[in-house]
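Participant:
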Amino acid sequence: MSLAGLSINLATVRRQYNFAQAVDACLIQGITSIAPWRDQVEAIGLQEAVRIVEANKLRVTGLCRGGMFPAADKEGLAAAIDDNKRAIDEAAALHADCLVLVVGGLPAGSRDLPSARQMVTDGIAAILSYAREQKMPLAIEPLHPMYAADRACINTLEQALDVCDLLGEGVGVVVDVYHVWWDPRISGQIARAGAAGRILGHHVCDWLAPTRDLLLDRGMMGDGVIDLKAIRAAIEKSGYHGPQEVEIFSSENWWKRPGEEVLSTCAERYLTTCRL
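Numbering (full-length UniProt numbering), first residue to last: 1 to 276.
(1) Below 8 angstroms CB to CB, which residues in the same chain sit around Ala43 once its five sequence neighbours on both sides are set aside?
(2) Answer yes if the stretch 43–63 comes into contact with the stretch 89–108, meaning at least three C-beta pairs across the two stretches below 8 angstroms, and no otherwise.
(3) Measure the C-alpha to C-alpha separation of Gly188 and Leu101 and round it to an integer number of angstroms.
(4) CB-CB under 6 angstroms to Ala126, same chain, minus the five flanking residues each way: which ones, in chain order?
(5) Measure the CB-CB distance between Gly201 and Ala160 and report whether it falls below 8 angstroms.
(6) Can you tell me where the beta strand (DSSP E) holding Arg65 begins and where it ends?
(7) Go ahead and label residue 346 buried or exposed: buried means 16 or more other beta carbons lie within 10 angstroms of its beta carbon, across all protein chains shown.
(8) Considering Glu245, what are the terminal residues of the beta strand (DSSP E) in which it resides?
(9) Kindly identify the DSSP beta-bridge partner or partners of Trp37.
(10) Name the two residues that bound the continuous alpha helix (DSSP H) containing Ile31.
(11) Looking at C-beta atoms only, is the number of pairs between the stretch 69–87 and the stretch 109–124 that lie closer than 8 angstroms three or more?
(12) From the DSSP output, read off the bridge partner residues of Leu271.
(13) Give the DSSP-derived three-state secondary structure of Asp176 in the structure shown.
(14) Alpha carbons only, please: which of Trp37, Asn56, Tyr130 is nearest the one belonging to Leu27?
(15) Rounded to the nearest angstrom, what separates Thr168 and Pro258 at their Cα positions?
(16) Excluding the five sequence neighbours on either side, which residues of its own chain have a C-beta within less than 7 angstroms of the C-beta of Glu90, listed in chain order?
(17) Looking only at its own chain, which residues have a Cβ that is under 6 angstroms from the Cβ of Trp254, when we skip the five neighbours before and after it?
(18) Does the Cβ-Cβ distance between Gly194 and Pro137 come in under 8 angstroms?
(19) Can you give me the start and stop residues for the beta strand (DSSP E) that Leu138 sits inside?
(20) Please return the same chain residues whose Cβ sits closer than 6 angstroms to the Cβ of Thr156, not counting the five positions on each side in sequence.
(21) Check for me: the alpha helix (DSSP H) holding Gly76 runs from which residue to which?
(22) Look at the alpha carbon of Gly49 and the alpha carbon of Arg14, and state the distance between them as a whole number of angstroms.
(23) Which residue spans inside the stretch 90–164 form an unbroken alpha helix (DSSP H) run of at least 4?
(24) Per the DSSP calculation, Ile199 is bridged to which residue(s)?
(25) Quick one: is Asp217 buried, meaning 16 or more other Cβ sit within 10 Å of its Cβ, or exposed?
(26) Using the C-alpha atoms, what's the distance from Ser115 back to Ser2?
(27) Just the Cα atoms here: how many angstroms apart are Asp165 and Arg151?
(28) Could you check where the beta strand (DSSP E) with Leu6 kicks off and where it finishes?
(29) Taking all protein chains shown into account, decide if Arg185 is buried (16 or more other Cβ within 10 angstroms of its Cβ) or exposed.
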């Protein structure tokens, strides 16, 4: 059965493979869409990463990640803006569908969450014209509220879409089930995002109960409590039919298994658990 709708976020096999090895392993499984992280690209070199993508006619469903805007001072914000412009260049070179933004949490020593969220809006606004020039969509990924302090102060699709509405063309959202499955407003916000053409990516994994580590114990699809097909149905109903990108951080399970086992399981679970 076709795996055309499956993408592998290379974090899923980051302990097993480097960029080139991960691509080869994906191709063996019949997977032709990937989403690398910037450190993985840097390790092999952007020019070589681009060569591999182009030679194998890969779809890059996103580059992870830009963002991390909130800063304790103007110098820190300026550094974040410069780094995000570099990330835009990298994403454009790789022909990525979007640059994924993990927006950042509270600056060091701060307790002012509204101010941090305003810094995020200001930061995205500061790079938006450059992203538009490069024809690179910016995809805000709202993260679960447990990450509000250190990783992302945008925690719901509603918050992310409010920023998109404020900033206009060129900004959208990633619907990552790990971060939004719990939200009682999710269905309405997915419909809102789809109606505005704001959905730029759909990430899948599963939420294990109990969870041993809030960052590094994501489950394989079907092993947890998320209704993956219901979320996908809402996403497709909203008009988005792009790939489902598997993104699993699993220090005590999947990162310890052979890479080929991980990828073959991703493929099997995509067909049986995720796809409508």
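No residue lacks a Cβ here, since even glycine has one placed at the ideal position from N, Cα and C.
Facilitator: Per the coordinate set shown:
(1) Here residue 43 corresponds to residue number 43 of the sequence shown, with the count starting at 1. Excluding residues within five positions, the ones whose Cβ falls inside 8 angstroms are Asn18, Phe19.
(2) yes
(3) Mapped onto the sequence shown, residue 188 falls at position 188. Mapped onto the sequence shown, residue 101 falls at position 101. Rounded to the nearest angstrom, the two C-alpha atoms are 22 angstroms apart.
(4) Stepping through the sequence shown from its first residue, residue 126 is reached at position 126. Once the five neighbours on either side are set aside, the close Cβ partners of Ala126 are Ile81.
(5) Residue mapping note: residue 201 aligns to position 201 of the sequence shown, counting from 1. Residue mapping note: residue 160 aligns to position 160 of the sequence shown, counting from 1. It is not a contact, given that the beta carbons lie outside the stated cut-off.
(6) Position 65 of the sequence shown, counted from the start, is the residue given in the question as residue 65. 63–67 is the extent of the beta strand (DSSP E) around Arg65.
(7) As shown, the chain starts at 1 and ends at 276. That puts residue 346 outside it, with no answer to give.
(8) Position 245 of the sequence shown, counted from the start, is the residue given in the question as residue 245. 244–246 is the extent of the beta strand (DSSP E) around Glu245.
(9) Here residue 37 is taken as the residue at index 37 of the sequence shown, counted from 1. Answer is Cys64, bridged to Trp37.
(10) Within the sequence shown, residue 31 is the residue found at index 31, counting from 1. Counting along the chain, Ile31 falls outside any alpha helix (DSSP H), and DSSP gives it neither H nor E.
(11) yes
(12) Against the sequence shown, residue 271 aligns to sequence position 271. For Leu271, which the question treats as bridged, DSSP gives no partner whatsoever.
(13) On the sequence shown, residue 176 is found 176 positions in, with the first residue counted as 1. In this structure, Asp176 counts as strand in the three-state DSSP scheme.
(14) For the purposes of this step, residue 27 is identified with residue 27 of the sequence shown, where counting begins at 1. That would be Asn56, whose Cα lies nearest to the Cα of Leu27.
(15) Here residue 168 refers to the residue found at position 168 of the sequence shown. Here residue 258 refers to the residue found at position 258 of the sequence shown. First, the residue type needs correcting, since residue 168 is Gly and not Thr in the sequence shown. Taking the straight line from one Cα to the other gives about 43 angstroms.
(16) Position 90 of the sequence shown, counted from the start, is the residue given in the question as residue 90. So the list reads Arg38, Val41, Leu46, Leu63, once near-sequence residues are dropped.
(17) Translated into positions along the sequence shown, residue 254 becomes position 254. Within the same chain, Trp254 has close Cβ partners Ile248, Val262.
(18) As a position in the sequence shown, residue 194 is number 194, starting the count at 1. As a position in the sequence shown, residue 137 is number 137, starting the count at 1. Their beta carbons are not under 8 angstroms apart, which means Gly194 does not touch Pro137 by this criterion.
(19) Position 138 of the sequence shown, counting from 1, holds the residue named residue 138. 138–140 is the span of the beta strand (DSSP E), which, as asked, contains Leu138.
(20) In the sequence shown, residue 156 corresponds to position 156, counting from 1. Closer than 6 angstroms at the Cβ level, and outside the excluded window around Thr156, lie Pro142, Asp183.
(21) Locating residue 76 in the sequence shown gives position 76, where the first residue counts as 1. 74–93 is the extent of the alpha helix (DSSP H) around Gly76.
(22) To locate residue 49, count along the sequence shown from 1; it is residue 49. To locate residue 14, count along the sequence shown from 1; it is residue 14. The sequence shown places Ala at residue 49, not Gly. Computed Cα separation, rounded: 15 angstroms.
(23) 113–133
(24) Stepping through the sequence shown from its first residue, residue 199 is reached at position 199. Ile199 is bridged to Val173.
(25) If you number the sequence shown from 1, residue 217 lands on position 217. Buried, since its Cβ has 16 or more Cβ neighbours within 10 Å.
(26) Translated into the one-based positions of the sequence shown, residue 2 becomes position 2. Translated into the one-based positions of the sequence shown, residue 115 becomes position 115. Their backbone Cα atoms lie some 46 angstroms apart in a straight line.
(27) Within the sequence shown, residue 165 is the residue found at index 165, counting from 1. Within the sequence shown, residue 151 is the residue found at index 151, counting from 1. Spanning the two alpha carbons is a distance of roughly 22 angstroms.
(28) Here residue 6 corresponds to residue number 6 of the sequence shown, with the count starting at 1. That run of the beta strand (DSSP E) goes 6–9.
(29) Within the sequence shown, residue 185 is the residue found at index 185, counting from 1. Exposed, since its Cβ has fewer than 16 Cβ neighbours within 10 Å.
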